[in-house]
Amino acid sequence: MKAPSRSIAASPTARFALIASALTFIGIFLLLPLVTVFVEALSGGVSKYMAAIVEPDALAALRLTLLIAVISVPLNMVFGVTASWAISKFDFWGKSLLITMIDLPFSVSPVISGLIYVLLFGAQGLLGPYLAEHDIQIVFAVPGIVLATIFVTFPFVARELIPLMQEQGTESEEAARSLGASGWQMFTRVTLPNIKWGLLYGVLLCNARAMGEFGAVSVVSGHIRGLTTTMPLHVEILYNEYNFVAAFAVASLLAFLALITLLLQSVLEWRDAAMTTAAGASL
Amino acid sequence: MTRFRSETAANLLAHALAILAFTFIAMIALGYGRPAHAATVTLLNASYDPTRELYQAVNVAFAKAWKAKTGDDVKVQQSHGGSGSQSRAVIDGLKADVVTLALAYDIDALAERGKALPADWQKRLPNNSTPYTSTIVFLVHKGNPKGIKDWSDIVKPGISVVTPNPKTSGGARWNYLAAWGYALHQNGGNEAKAREFVAALYKNAPVLDSGARGATNTFAQRGIGDVLLAWENEAYLTLKEFPGKFEIVTPSESILAEPPVALVDKVVDAKKTREVAEAYLQFLYTLEAQKIIADNFYRPRDEATAAAAKLPAIKLFTIDAELGGWTKVQKTHFADGGIFDEIYKP
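Chains as they are written, first to last, in our numbering: chain C, 4 to 286; chain B, 506 to 851.
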């Protein structure tokens, strides 16, 4: 691995310039705003920060955001694995259509994604009269927010896995089958280990988007304070009420949740690396 | 080796997901531990943008009054947004027991397209169902550096005006009509001249936010523009939130803005909340609520409270007497292909 890096970065000046520009870019566009969020959040002191976070509406927004992630991420994980399995290991009619459909949420604006559900489940929508008759509330309630989030985060896991699984091909699975493994054994012992990082990465991205989605959720939420406002919506409300410290405090909490997810990923990568080395050494 | 690796991989993944799920579920459970009040009635009030602070105070006072009268707890939940989009949301199924919007047309739409309340809803409560009024004034930077005194000053070239989009915002429609009415009066009712005047005004508007509060933030937070056309209440609130930075300019005349309130029959009948929802709207006319209304810089209907509030006297004209009412105004000015579409070329 050392030889190519030497030949590419032959000139130390070029190397320095590249690293410096990457770091500057990251500093200005990622780190600085992130730091600003925390600085603004703490500008009124720690007690004000805590008061803003334990405020009942903020807690309700936090709970709702996590609830939505807990429902939508596992569903999209199962779907993502199933779809990428089907696409990469089998040939069937309509396959290219399925691939296009998976990408759909990436190509339409989140606002449209939200509007689709209003047009479908809203009082004037296609299923509106039926839902009203049975007293089922979808839009402007939690189910609508969950649906919109699932729609928006739909492609993340599948998009990570499809290229990976296509590249790996079906040889290992065929070998496992010929050695007498059951379908489930083949999946957990051959396929899953091969795709674990892609899957984990997809799940983390999916989770980050599920917690942070604004546009689609804004359309179907109804903005009922303490009831259907997720954290990003709650941040907007607080900002609009001139409550800047609280707005940044809740924003920092959202950023903090994202940082936890990143940390978890690093820890897992590190543990896996350590285990692999240990396993190699013991043989 | 293969076997060992594969098991750790599956294990790791399972661990990771378990930790993630556990953290989230624990945090959710943390909040749901609070005891729920079984006897509490909840109402939803779908309102327009700048009334956040007003209804926060009104809801607390109403809950207290209702508890004293009936012994029941009532919690009024709030949803805020541009008046037009809030009306749209209720039509699409937002379960609001009451709507408190920026202008009558948005509630008419609810009656007409949502069939959610009778067409003569505005006759059900006193004063055209508007428990308070307001008007449109100017907010300028401290010291009034551009010397803005009246409507004629803000259409001059080089003045940057901040006002929201009349297509989505109720306040923006009042802004537009106040300018239109002023121009009509200045030119002896000549509509062509009024059209020129309003066109010059929107030529000076660099951005059109979707709601009144958004426009206020553009002006006060982001520092864009020389003058903000604002609800009087919103202008006074901004003075309070940003002390020493701005001042209010009262034009020679403006429009009487009547933001109405209404019961949404379809919702209260389904939720069986008619009695408490009606009481909530009637509460807005009580002395106690009128006082809160005045404290939040709206113009109360109660004359004694209004006199005590000391908002400046402005010559006000009404949309019904001078412009033919909301239905006509909406059609000529703001509907697709209306006068606003003709004069506003971004």
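Note that the Cβ used here is the ideal one computed from N, Cα and C, for glycine as well.
Bear in mind the structure is a predicted one, so any value in this text is a computation, not a measurement.
Based on the DSSP output, what are the partners of residue i in its beta bridges?
i          : result
His-646(B) : Phe-751(B)
Ile-29(C)  : DSSP output for Ile-29(C) lists no bridge partner at all.
Thr-194(C) : Partner(s): none; Thr-194(C) has no beta bridge.
Asp-805(B) : Here residue 805(B) turns out to be Pro, not Asp, going by the sequence shown. Bridge partners of Pro-805(B): Tyr-637(B).
Thr-547(B) : Lys-580(B)
Ser-759(B) : Leu-821(B)
Ser-552(B) : His-585(B) and Thr-605(B)
Val-766(B) : Thr-605(B)
Trp-736(B) : Ile-641(B)
Ile-227(C) : Ser-584(B)
Apart from the five residues just before and just after residue i, which ones in its own chain have a Cβ nearer than 8 Å to its Cβ?
i          : result
Gln-461(B) : No answer is possible for residue 461(B): the residues shown for chain B start at 506 and end at 851.
Ala-523(B) : none
Thr-507(B) : Note on Thr-507(B): pLDDT 42, under 50, position unreliable in the model; the coordinate value appears next. If we look at Thr-507(B) and ignore the five residues flanking it on each side, it has no Cβ neighbours.
Lys-672(B) : Gly-589, Phe-839 and Phe-845
Leu-37(C)  : Ala-258
Gly-2(C)   : An answer regarding residue 2(C) cannot be provided, because it is not within the stretch 4 to 286 covered by chain C.
Pro-7(C)   : The predicted model places Pro-7(C) with a pLDDT of 49, which falls under 50 and marks its position as unreliable, so this point remains unresolved.
Glu-617(B) : Ala-624
Please return the same chain residues whose Cβ sits closer than 7 Å to the Cβ of residue i, not counting the five positions on each side in sequence.
i          : result
Leu-241(C) : Ala-249, Ala-250 and Val-253
Val-595(B) : Ala-551, Ala-601, Val-604, Leu-615, Gly-619, Ala-621 and Val-769
Val-660(B) : Phe-702, Ala-705, Leu-706 and Asn-709
Ala-566(B) : Glu-793, Ala-794 and Ile-797
Ile-848(B) : Arg-700, Val-703, Ala-704 and Tyr-707
Phe-788(B) : Phe-567, Ala-570 and Ala-794
Pro-817(B) : Thr-755
Asn-210(C) : Ala-72, Val-76 and Thr-264
Gly-719(B) : Pro-669
Ser-181(C) : none
Excluding five sequence neighbours on each side, which residues of the same chain lie with their C-beta closer than 6 Å to the C-beta of residue i?
i          : result
Arg-539(B) : Any reading at Arg-539(B) needs caution, since the residue's pLDDT is 45, under 50, leaving its predicted position unreliable; the model's value is listed next. Taken in chain order, the list of residues that qualify is empty.
Ala-614(B) : Ser-592
Phe-217(C) : Pro-235
Trp-200(C) : none
Leu-733(B) : Leu-644, Val-667 and Phe-724
Ser-87(C)  : Ala-161, Leu-164, Ile-165 and Met-168
Val-581(B) : Leu-548, Asn-550 and Asn-564
Arg-557(B) : His-585
Ser-175(C) : Val-193
Leu-238(C) : According to the sequence shown, residue 238(C) is Val rather than Leu. Contacts found: Ala-250, Val-253 and Ala-254.
Thr-68(C)  : Met-214, Thr-233 and Met-234
Which whole-angstrom value describes the C-beta separation of residue i and residue j, a residue pair presumed to lie in contact below a C-beta threshold of 8 Å?
i          : j          : result
Phe-154(C) : Pro-108(C) : 6 Å
Gln-268(C) : Leu-207(C) : 6 Å
Ile-664(B) : Ile-760(B) : Contact flag wrong, Cβ pair sits at about 20 Å.
His-646(B) : Phe-747(B) : In fact, because the Cβ distance is near 11 Å, the residues do not count as touching under 8 Å.
Gly-225(C) : Leu-599(B) : 5 Å
Ile-729(B) : Val-642(B) : That pair is no contact at about 19 Å.
Ala-683(B) : Lys-698(B) : Not really, about 16 Å apart at Cβ, beyond 8 Å.
Asn-722(B) : Asn-243(C) : 7 Å
Leu-203(C) : Leu-271(C) : 7 Å
Arg-66(C)  : Gln-583(B) : Actually they do not touch by this definition, with Cβ atoms about 19 Å apart.
Tyr-553(B) : Gly-675(B) : 5 Å
Hey, which unbroken runs of the beta strand (DSSP E) at 3 residues or more fall wholly within the region 620 to 695 of chain B? 641 to 646
Length at least 4, wholly inside the region 570 to 604 of chain B: the alpha helix (DSSP H) runs in chain order: 588 to 596
Under 8 Å (Cβ pairs) to chain C, residues found in the region 570 to 602 of chain B: Gln-582, Gln-583, Ser-584, His-585, Gly-586, Ala-594, Ile-596, Asp-597, Gly-598, Leu-599 and Lys-600
To be precise: take each residue of the region 215 to 245 of chain C, compare its Cβ to all Cβ atoms of chain B, and keep it if any distance is under 8 Å. Which residues remain? Gly-225, His-226, Ile-227, Arg-228, Gly-229, Leu-230, Ile-240, Tyr-242, Asn-243, Glu-244 and Tyr-245
Threshold first: 4 residues or longer. Then list the alpha helix (DSSP H) segments lying entirely within the region 46 to 75 of chain C, N to C. 49 to 56
Can you give me, in chain order, the residues of the region 714 to 735 of chain B that have a beta carbon less than 8 Å from any beta carbon in chain C? Arg-718, Gly-719 and Asn-722
Listed in chain order, which residues of the region 124 to 138 of chain C have Cβ atoms closer than 9 Å to some Cβ of chain B? Phe-124, Gly-125, Ala-126, Gln-127, Gly-128, Gly-131, Leu-134, Ala-135 and Asp-138
Residues from the region 767 to 780 of chain B in contact with chain C, defined by Cβ distance under 7 Å: none
Chain C contacts made by the region 615 to 637 of chain B, where a contact means CB separation under 8 Å: Arg-618 and Gly-619
Output, in sequence order along the chain, the residues in the region 143 to 171 of chain C whose CB is closer than 9 Å to any CB in chain B. Phe-143 and Ala-144
Residues in the region 106 to 125 of chain C with C-beta within 9 Å of chain B's C-beta atoms, listed in sequence order? Val-121, Leu-122, Phe-124 and Gly-125
Residues from the region 699 to 714 of chain B in contact with chain C, defined by Cβ distance under 9 Å: none
Inside the region 115 to 140 of chain C only - alpha helix (DSSP H) runs reaching at least 4 residues: 131 to 136
May I ask you to list, following chain order, the residues of the region 550 to 563 of chain B that have a beta carbon less than 7 Å from some beta carbon of chain C? Arg-557
Output, in sequence order along the chain, the residues in the region 734 to 750 of chain B whose CB is closer than 7 Å to any CB in chain C. Glu-746
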